[in-house]
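Residue numbers (UniProt numbering): 1 to 348.
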Ligand SMILES: Nc1ncnc2c1ncn2[C@@H]1O[C@H](COP(=O)(O)OP(=O)(O)OP(=O)(O)O)[C@@H](O)[C@H]1O
Ligand SMILES: [Mg+2]
């Protein structure tokens, strides 16, 4: 089911949180609403769900304007950060609940619960109460309960936030598998860029109630529209250096210069965005500095390098170097992958 927001506006009292947002979620796609805390992700999801009324604009499911429909009439499946399972019911009864409310026949209910339990890999757990299930298992039950009525759209608000790191990884790919197997249109609210990039077809990156960029994950990573996007995506994050632009050359603060044949000659000052994977010994030499900090992350090592002028660049490399803090380095930059921004942060 295609979901469309047309000039969607949401106010709380006289504070406008979202103003004239336009967004189309394609049929069968999984879209992330990504952004920092307070940017309006949940507000947008709640409006699609029908928990919040819109104060302006429309929300369409397919061709139908659902803006004035209450939540129960929208056929949405919802999973929140807290699983909100009924503690006194076992998993089977929790999942069956929406069908009982709908007064389906007991034999139909049984068949559907077993079908959905198979899809979510919880067939063995149906007799257990929520208190006897791990966080990841509870989240599977919550997912099964959300999917059992075959909703037109699955709405997920930080569904993995309460899980530990390993379970989060596992549930990431599980939710995506289930979404792909069912072909359901899904919206995932998250502030975790890795989650958004790894689970979703497209990302709507939000900032202060606005969508700053809507793109496929790799496109958004490689071609950020502005400095906010470049900074938000990527872990460890990108670093920026201020540079002087003159005669098709950028002069970095440490005296290093790099060719920049495509920049407009009128631009005098540039912020150069350098991702950690774009700085290292494999790119030649010319950028001199001192190792200030090393973080070993298992397969990779992260270096903070202080350049001769005092500015810091980050570098990530495969583990195995014998460098120590205090060592002098002379490394290079992957010139094709540098990102240029004006002083207002817009991409050049
Ligand atoms: N019921 C409410 N009444 C008043 N203000 C609200 C209400 N709900 C949200 N807000 C405000 O709207 C803004 C957006 O909130 P929202 O919950 O959508 O953010 P979010 O992006 O989901 O953040 P988080 O990642 O912290 O969950 C915030 O400034 C918040 O304080
Ligand atoms: Mg939220």
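Ideal placement from N, C-alpha and C gives every residue a C-beta, glycine not left out. In this text the structure is predicted, and so the values were computed from the model without any measurement.
So is the beta-carbon of residue 189 under 7 Å away from any non-hydrogen atom of ligand 2? To locate residue 189, count along the chain shown from 1; it is residue 189. Yes, Cβ of residue 189 sits closer than 7 Å to a heavy atom of ligand 2.
Just the Cα atoms here: how many angstroms apart are residue 24 and residue 40? To locate residue 24, count along the chain shown from 1; it is residue 24. To locate residue 40, count along the chain shown from 1; it is residue 40. Straight-line Cα distance between these residues: approximately 17 Å.
How many angstroms separate the CA atom of residue 92 from the CA atom of residue 82? The residue labelled residue 92 in the question sits at position 92 within the chain shown. The residue labelled residue 82 in the question sits at position 82 within the chain shown. About 19 Å.
Under the assumption that residue 120 contacts residue 85 (Cβ atoms under 8 Å), give the Cβ distance between them as a whole number of angstroms. Here residue 120 corresponds to residue number 120 of the chain shown, with the count starting at 1. Here residue 85 corresponds to residue number 85 of the chain shown, with the count starting at 1. About 13 Å; that fails the 8 Å criterion.
Any chance you could list the beta strand (DSSP E) runs of at least 3 consecutive residues sitting entirely within the stretch 180-249, in chain order? 185-190, 202-207, 210-215, 239-246
If we require 3 or more residues per run, which beta strand (DSSP E) segments fall completely within the stretch 71-124? 76-79
Contacts around residue 214, its chain only, beta-carbon distance under 6 Å, and the 5 residues preceding and following it disregarded: The residue labelled residue 214 in the question sits at position 214 within the chain shown. Excluding sequence neighbours, residue 214 sits near 204.
Neighbourhood of residue 323 by C-beta distance below 6 Å, restricted to the same chain and skipping five residues each side: As a first step, residue 323 is located in the chain shown; it is residue number 323 there, counting from the start. Excluding positions up to five away in sequence, the list reads 291.
Quick one: does the C-beta of residue 42 sit closer than 7 Å to a heavy atom of ligand 1? The count along the chain shown starts at 1 and reaches residue 42 at position 42. Residue 42: yes, Cβ under 7 Å from ligand 1.
Nearer than 7 Å: is that true of the beta carbon of residue 208 relative to any heavy atom of ligand 2? By 1-based counting over the chain shown, the position of residue 208 is 208. No.
Touching by the beta-carbon criterion (3+ pairs, under 8 Å), the stretch 72-79 and the stretch 142-159: yes
Three-state secondary structure (DSSP) of residue 146: Here the question's residue 146 lines up with position 146 in the chain shown. Note: residue 146 maps to helix in three-state DSSP.
When DSSP labels each residue in this structure, what does residue 336 get in the three-state scheme? Within the chain shown, the letter at position 336 stands for residue 336. Residue 336 falls in the helix class under three-state DSSP.
Give the range of the alpha helix (DSSP H) segment to which residue 41 is assigned. In the chain shown, the residue the question calls residue 41 occupies position 41. Counting along the chain, the alpha helix (DSSP H) containing residue 41 begins and ends at 41-49.
Unbroken beta strand (DSSP E) run spanning residue 17, endpoints: Along the chain shown, read from residue 1 onward, the residue named residue 17 stands at position 17. Segment 15-25, the beta strand (DSSP E) holding residue 17.
Are there any heavy atoms of ligand 2 lying less than 7 Å away from the beta-carbon of residue 157, as far as the coordinates show? Residue mapping note: residue 157 aligns to position 157 of the chain shown, counting from 1. For ligand 2, at least one heavy atom lies less than 7 Å from the Cβ of residue 157.
CB of residue 49 to nearest heavy atom of ligand 1: below 7 Å? Along the chain shown, read from residue 1 onward, the residue named residue 49 stands at position 49. Residue 49 Cβ: outside cutoff for every heavy atom of ligand 1.
Could you tell me whether the stretch 25-40 touches the stretch 205-225, using the rule of 3 or more Cβ pairs below 8 Å? yes
When the Cα atoms are used, what is the spatial distance from residue 70 to residue 234? For this step, residue 70 is matched to residue 70 along the chain shown. For this step, residue 234 is matched to residue 234 along the chain shown. About 39 Å.
Using beta-carbon positions only, say whether residue 185 and residue 1 come within less than 8 Å of one another. Counted from its first residue, the chain shown places residue 185 at position 185. Counted from its first residue, the chain shown places residue 1 at position 1. A contact, by the Cβ cut-off of 8 Å.
I'd like to check one pair, residue 293 with residue 334: are the Cβ atoms closer than 8 Å? By 1-based counting over the chain shown, the position of residue 334 is 334. By 1-based counting over the chain shown, the position of residue 293 is 293. Contact flag unset, no.
Under DSSP, the beta strand (DSSP E) around residue 289 begins and ends at which residues? Against the chain shown, residue 289 aligns to sequence position 289. Unbroken beta strand (DSSP E) run through residue 289: 287-296.
Does the distance from the CB of residue 172 to the CB of residue 180 come in under 8 Å? Taking the first residue of the chain shown as 1, we reach residue 172 at position 172. Taking the first residue of the chain shown as 1, we reach residue 180 at position 180. It is not a contact, given that the beta carbons lie outside the stated cut-off.
Can you give the Cα-Cα distance for residue 45 and residue 260, rounded to whole angstroms? As a first step, residue 45 is located in the chain shown; it is residue number 45 there, counting from the start. As a first step, residue 260 is located in the chain shown; it is residue number 260 there, counting from the start. Going from the Cα of residue 45 to the Cα of residue 260 covers about 42 Å.
Using C-beta distances below 7 Å, list every residue in its chain close to residue 19, excluding the 5 sequence neighbours before and after it, in chain order. The sequence position of residue 19 within the chain shown is 19, counting from 1. So the qualifying residues of the chain are 9, 209.
For residue 227, is the classification buried or exposed, using 16 other Cβ atoms within 10 angstroms of its Cβ as the cut-off for buried? Sequence index remark: in the chain shown, residue 227 carries index 227 (1-based). Buried, since its Cβ has 16 or more Cβ neighbours within 10 Å.
Within this structure, are the beta carbons of residue 299 and residue 318 separated by less than 8 Å? Within the chain shown, numbered from 1, the residue matching residue 299 stands at position 299. Within the chain shown, numbered from 1, the residue matching residue 318 stands at position 318. Yes, Cβ-Cβ distance for residue 299 and residue 318 is below 8 Å.
Within 10 angstroms of its Cβ, does residue 101 collect 16 or more other Cβ (buried), or is it exposed? The count along the chain shown starts at 1 and reaches residue 101 at position 101. Classification of residue 101: exposed, given that the 10 Å Cβ count is below 16.
Applying the 10 Å Cβ sphere with the 16-neighbour rule, what's the burial state of residue 132? Sequence index remark: in the chain shown, residue 132 carries index 132 (1-based). Burial call: exposed.
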